[in-house]
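All the letters of the sequence shown, read from the start, carry residue numbers 1 to 992 under UniProt numbering.
All C-beta atoms in this analysis are idealised placements derived from N, C-alpha and C, irrespective of residue type, glycine included.
Since we're looking at a predicted model, the values are computed, not measured.
Since the structure comes first, as structure tokens, the remarks are kept for the end.
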Amino acid sequence: MDKQPLLQNFTITPNDLFQIISSQNTSHTALSLSKLLDIDLQIGLDSFNHLDIQKRQKQFGVHQIYYSQTIRYQLVIQIIKNKWHQIFFAITLIKLASSIFITNSDNERMESIFILVLSLFQLLMRIFKTDNQEILQSLRQISNHTVKLKRNNKVINISSDQIVVGDILIFKDDQLIEVDGVLISNTSNETLLFDTNTNKLPFIRSGSKVLQGNGQLLVLAVGINTYHMRKSELNIQHEYITPLQERLNHLQQQLIKLFFVLSIVPLIIQFFNYCYHLAIQEYQFQFIDSIYSIIKQIQISILLFLMVMNDNLSKFISTYLQINQKRMKRDRIKFQRPSSCEILGRINNICTSKTSILTYGNIRLIKIYAEEQLLSKFNIKKLRYSTIQLIQENICLNSTANPKITYRSNDITVFEKFGNEIDCALLEYCHELGQDYKSIRKNYQNQIVQYFQFNSDRKIMSVLIKLQNKYILYTKGAPEIILENCSEFINNKGDIQKLTDQNKLQIKNQIKNFGEESLRTICLAYKLLDGNLNIKLLQEKQLEKQLIFVSLIALEDELRQGVQRSIQQCKEAGVIVRMITNESLECSISLSKKCGILPMNYQHQKDSKKVMTGKAFNDLVKGITYKKQDGQIIPKIGDMDSFAQIAAELRVLVRASLDQKLAMIQGLKELNYVVGTFSHSNEPAFYRLADVGFCQNSKMIQQYNHMVSVSVLDDNFSSVINSIYWGRNIFDAVRKYIQFKITLLLSLSILQTFSIFHQFNQAQLLWITFLIDFTAFFMYATEIPNRRLYERQQNERYHLITSNMWRNILSQIIYQLLVLFTIQITTYKYIQMKNSENCFHFNLKSHTILFNIFVYFQIFNLLISHKIRKTDISISSNKKERAKLIIQIFLIFLVQYFVVEHCNFIFTLSKLTLKEYFESLLLSSLSCVVTYLFQFINDKYFNWIRLFRSQDQKNHYSSFDEFLQFKSILRQIKSYPTEKEEDSEIELVEKK
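Rendered as structure tokens:
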């Protein structure tokens with residue numbers, strides 16, 4: 001364990017507590033830990049001892065994830081410490097002082113003041129722009145609410161952000177636990193149930209929800225020190241860099257290297273040119289003028305370099321999300337991770353669950369099959385009382401749900417669901433029959449021996465109850481699994497009879513009939529055991545054998561409105577929807593036909609690959625293997641050839657375990673598909689392995705929310721389509737901005753490098769920088785998705801700059817430089833200097849025309865950069881967007897006219913005539929024609945360009961620790977295999 005300084009009275013560190021919570025070592029109890037934390041479990045902390053509270057906050061942290069304003073202050077310090085900014089401002093101040101005390105030039109003084117003001121304004125805008133860390137803060141900040149704590153031997157209500165390590169938290173039914181802790185012994189022996197099996201009692205990890213029971217919890221970790229926060233590495237000290245930001249940073253680093261060279265070259269060329277003219281005595285050496293000229297050229301070079309260094313590329317996504325946040329909420333989506341923007345728009349496969357996603361989740365009991373007869377739910381009283389009692393006790397006791405029942409006037413009952421949807425539906429049915437599930441649980445409260453919880457591998461759950469001289473085991477779950485473990489059943493006379501093959505066939509036919517009606521089937525069974533039997537020696541698989549079949553229960557879950565249309569839109573957009581479910585084959589096929597995943601005329605065959613069971617799928621693809629190669633852990637499908645054949649047809653995977661779901665996702669990724677998953681948040685490995693994870697907002701679990709990419713606010717599958725369109729729009733906006741910026745920066749740098757006597761001055765460069773940082777930046781960041789995104793097939797995975805973008809970039813650069821250099825060559829004049837010597841120089845009018853044409857080129861570049869594909873159009877098809885774009889372009893022309901005509905004394909320009917404006921507009925508008933003509937050049941002539949190409953994303957784990965962290969997520973959900981590292985392969989060995 002890491003050594004940390006200990007404060008007075010504490011003999012344990014946060015790292016020690018983290019190790020205890022991680023291992024969930026039951027040798028540590030609440031009593032032993034309270035002694036280490038210097039706390040009396042009977043009294044609690046002293047609220048009036050502020051010094052003790054402050055010590056605990058300093059030693060163990062506060063209940064917050066982020067600290068306010070920290071990021072902004074760090075950004076200010078980062079800008080102040082930047083040497084290039086320091087040099088630029090120092091040179092500008094020197095130049096300002098020179099214009100005041102030496103040259104006494106009003107124009108130079110105004111120019112220097114303008115440069116300082118505009119530079120500071122741009123830096124302030126950069127500081128107050130929202131960056132990715134601030135977005136994470138708003139998304140992940142723990143919301144404050146009132147909780148009950150035991151302090152000074154009293155129960156008090158206090159804000160949740162005031163919880164400290166050592167507090168005693170009082171929890172109740174339906175409460176979400178936001179801290180890590182250990183249960184304090186409960187003298188009432190009340191059964192406690194939580195919604196996750198990641199807890200090994202008495203330890204409780206953050207994010208767990210209390211389904212049943214009340215109790216007390218000794219707090220061991222808060223805020224960023226909780227188990228799941230540490231695992232997810234959301235600490236402010238860790239820099240959060242998204243995959244797209246890594247690629248944009250890589251692009252920016254390449255631009256910085258190129259511009260560093262291009263900014264130094266003009267300085268070197270001018271220095272040698274000046275020395276040459278001095279050598280031939282064409283110039284007379286004047287010390288002050290020479291120093292002033294050198295300072296001016298250095299300032300221009302640094303300013304050109306700073307144009308690339310300003311971190312606008314990596315901030316584009318966060319700014320886009322901030323500006324369009326309200327629009328996205330109107331489309332019922334919310335981004336949990338900015339990193340999802342990179343790949344969200346390129347999804348071409350979606351693996352989705354069924355319940356509450358494709359359906360409403362309002363599950364209702366419709367039919368019952370028991371005592372060899374099919375009954376509606378209202379005719380259950382036709383069964384014998386003993387059978388009804390077995391059904392009711394199985395439903396009420398063998399359940400983790402804890403719904404609330406509220407009675408109102410006029411005999412109106414409100415049934416509020418908390419817990420598993422199926423369990424809630426069954427408990428609601430018992431309530432309709434007049435049976436209170438809480439009273440049944442209370443009667444058996446001290447007789448429950450053990451719960452055997454449900455998971456995706458077992459597909460059944462059981463509860464063992466101790467009666468007077470015997471045990472009774474209630475079991476419910478997947479019919480095909482329970483039926484295979486049944487040896488007897490209750491016949492139509494209410495007697496227990498041996499289950500023959502004919503009886504099994506009759507039950508299976510009924511299961512098939514339910515499935516064809518899109519009804520979900522649950523099987524109930526029980527078993528009596530001798531009271532003298534040592535239960536501790538038997539495993540759950542042994543107990544769940546030789547069962548007595550009781551009944552089949554058919555549940556209905558209505559298909560969501562609009563799901564069929566959404567899946568059809570997915571097909572039109574080139575996105576394949578695959579349903580992965582735990583339900584029966586017949587029910588899954590019927591529902592898939594209704595929602596459009598399968599064609600209505602589909603007839604299932606035994607060897608069909610469109611619909612497969614998880615077991616058959618796993619037998620063919622051989623699951624996932626993990627190989628160590630070059631120090632990296634790489635997951636691989638066992639038989640990729642078989643998987644490729646299956647993936648081409650497979651649309652529905654039924655009765656799938658977690659391993660089989662992960663194999664599906666991993667295989668699709670190996671086929672270079674971009675995979676999105678839409679499932680419940682209690683399956684975190686689903687989100688961790690997929691490229692993008694969607695989760696219903698109402699079912700978001702805090703401990704896993706850092707793995708979710710997008711939360712769907714209305715819980716509807718239809719909103720996933722909106723998120724894909726937003727993702728495509730974001731990625732297109734990034735590409736448009738990159739195309740515009742590379743075109744402008746390359747053309748400007750080449751022009752500045754090879755134009756010795758007529759370079760743009762500092763004020764002119766700052767105006768162009770302003771055009772990049774604000775006009776283009778916010779023009780692309782405010783775009784909304786258009787209809788063309790709905791119809792586009794999306795097959796690209798990793799390319800950020802495409803061949804068509806390079807075609808547009810090169811066409812613009814070539815034409816712009818050709819026109820600008822032609823103007824320079826044809827309009828230079830041989831003028832007389834003050835010292836009667838001759839040299840080449842531009843006059844002010846020609847320089848103004850050159851500057852004006854360059855700015856007009858960039859205005860049309862804004863329009864051309866909208867076209868990143870051959871099929872795109874430069875003007876949006878949306879009327880509102882088209883009007884907004886035209887107004888923005890018009891305003892830029894208007895501001896440029898104002899700069900030339902009324903601010904020429906600041907920018908060192910002269911006024912132009914209307915004819916010169918028209919000629920500038922005509923020459924710059926021809927760039928659109930040139931770009932159109934370049935479209936006829938084959939793509940192969942642009943594919944060879946590797947400049948600014950970033951490396952592909954990794955499809956591996958960079959270290960063995962990262963691999964183990966992913967596997968630990970799986971073990972939190974079930975008793976997962978352990979790892980054993982070998983030379984070439986990591987073998988997974990089942991625990992025995």
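> So is T913 buried or exposed if we call it buried at 16+ other beta carbons inside 10 Å?
Replying inline: Counting every other CB atom within 10 Å of its CB across the protein chains shown gives T913 a total below 16, marking it as exposed.
>> Given this structure, state the Cα-to-Cα distance separating L267 from N852, to the nearest angstrom.
In response: Inter-residue distance for L267 and N852 is about 24 Å (C-alpha atoms, whole angstroms).
>> Tell me the rounded alpha-carbon separation between Q19 and R330.
In response: Rounded to whole angstroms, Q19 to R330 spans 44 Å at the Cα level.
>> Checking 8 Å against the spacing of the C-beta atoms, do L37 and F10 come in under that value?
In response: Yes. Within cutoff.
>> When you compare the segment 618 to 625 with the segment 660 to 669, are there three or more beta-carbon pairs, one atom per stretch, that lie closer than 8 Å?
In response: These segments touch.
> How would you call H63, buried or exposed, if buried means at least 16 neighbouring beta carbons within 10 angstroms?
Replying inline: Per the 10 Å Cβ criterion, buried.
>> So for P403, helix, strand or coil by DSSP?
In response: P403 falls in the coil class under three-state DSSP.
> Are E421 and G515 close, meaning C-beta to C-beta below 8 Å?
Replying inline: Their beta carbons are not under 8 Å apart, which means E421 does not touch G515 by this criterion.
> Which runs of the alpha helix (DSSP H) fall wholly inside the segment 882 to 931 and span at least 4 residues, in chain order?
Replying inline: With a minimum length of 4 residues, the unbroken runs of alpha helix (DSSP H) contained wholly in the segment 882 to 931 fall at 904 to 907.
> Quick one: what's got a C-beta closer than 8 Å to M110's C-beta in the same chain, skipping five residues either side?
Replying inline: Around M110: F905 and I906.
> Name the DSSP bridge partner or partners of V155?
Replying inline: Paired residue(s): K150.
>> Under DSSP, the alpha helix (DSSP H) around V720 begins and ends at which residues?
In response: Note, V720: alpha helix (DSSP H), S718 to F754.
> Between the beta-carbon of R655 and the beta-carbon of G494, is there less than 8 Å?
Replying inline: For R655 and G494, no; Cβs fall outside 8 Å.
> Would DSSP call K329 helix, strand or coil?
Replying inline: Helix at K329.
> What residue from A30, S462 and I158 has the CA that sits closest to P202's CA?
Replying inline: Of A30, S462 and I158, the smallest CA-CA separation from P202 is found for A30.
>> Using only the alpha-carbon positions, how far apart do N132 and M640 sit?
In response: Note that N132 has pLDDT 41, beneath the 50 cutoff, so the model's placement of it is unreliable and no number is given.
> How many Å lie between D46 and D52 at the Cα?
Replying inline: The alpha-carbon separation between D46 and D52 amounts to approximately 8 Å.
>> Taking 8 Å as the cut-off, does the segment 800 to 812 touch the segment 738 to 747 (at least 3 CB pairs, one atom from each stretch)?
In response: As far as the Cβ criterion goes, the segment 738 to 747 touches the segment 800 to 812, which means the pair count is three or higher.
> Since N349 is in the alpha helix (DSSP H), which residue starts that stretch and which ends it?
Replying inline: That residue, N349, is in no alpha helix (DSSP H); its beta strand (DSSP E) goes N349 to T352.
> Does DSSP classify S865 as helix, strand or coil?
Replying inline: In this structure, S865 counts as coil in the three-state DSSP scheme.
> Comparing alpha-carbon positions, which option in K636, I646, I323 and Y897 lies nearest R578?
Replying inline: The candidate whose alpha carbon is nearest that of R578 is I646.
>> On the DSSP letters alone, give me the boundaries of the alpha helix (DSSP H) that F593 sits inside.
In response: Note that residue 593 is Lys in the sequence shown, not Phe. That run of the alpha helix (DSSP H) goes L585 to C595.
> What are the start and end residues of each continuous beta strand (DSSP E) run of 3 or more residues lying completely inside the segment 454 to 482, in chain order?
Replying inline: The segment 454 to 482 contains these whole beta strand (DSSP E) runs: 460 to 466 and 470 to 477.
> How big is the Cα-Cα spacing for S927 and N861?
Replying inline: Spanning the two alpha carbons is a distance of roughly 8 Å.
>> So, under 8 Å CB-CB, T521 and L552 are touching, yes? Tell me the CB distance rounded to an integer number of Å.
In response: The Cβ separation is near 6 Å, so the contact holds.
>> Just to confirm before moving on: does the CB-CB distance between I465 and I448 stay below 8 Å?
In response: Contact: yes.
> By how many angstroms is the C-alpha of K884 removed from the C-alpha of Y815?
Replying inline: Using only the alpha carbons, I get a separation of about 28 Å.
> Since T677 sits in a beta bridge, which residues does DSSP pair it with?
Replying inline: BP columns for T677 point to C351 and G693.
> If you measure from the beta carbon of L765 to each beta carbon in chain B, is any gap under 8 Å?
Replying inline: Chain labels in this structure do not include chain B; a single protein chain is all it has.
> What residue range is occupied by the uninterrupted alpha helix (DSSP H) comprising V563?
Replying inline: First-last of the alpha helix (DSSP H) with V563: V563 to E572.
> Thinking C-alpha only, which one of R56, C523 and N729 is nearest S166?
Replying inline: Checking the sequence, you will find Gly at residue 166 rather than Ser. Of the candidates R56, C523 and N729, R56 places its Cα closest to the Cα of G166.
> Using the C-alpha atoms, what's the distance from K367 back to E540?
Replying inline: Just so you know, the alpha carbons of E540 and K367 end up roughly 30 Å apart.
>> Just to confirm my understanding: we take I868, look at its own chain, exclude 5 residues before and 5 after, and list those with CB closer than 8 Å. What are they?
In response: Counting only residues of its own chain and dropping the five nearest sequence neighbours on each side, I868 has a CB closer than 8 Å to the CB of D732, R735, K736, Q739, T802, N804, M805 and N808.
>> If I measure Cβ to Cβ from A644 and keep anything under 7 Å in the same chain, skipping five residues before and after, which residues do I get?
In response: Cβ-Cβ distances below 7 Å link A644 to L671 in the same chain, with the five nearest sequence neighbours on each side left out; the list follows chain order.
>> With a threshold of 8 Å on Cβ separation, who are the neighbours of L499 within its own chain once the five nearest residues in sequence on each side are excluded?
In response: Apart from the 5 residues on each side of it in sequence, L499 sits with its Cβ closer than 8 Å to the Cβ of C486, S487, E488, F489 and F549 in its chain, given in chain order.
> Helix or strand or just coil, what does DSSP make of I317?
Replying inline: I317: helix per DSSP, three-state reduction.
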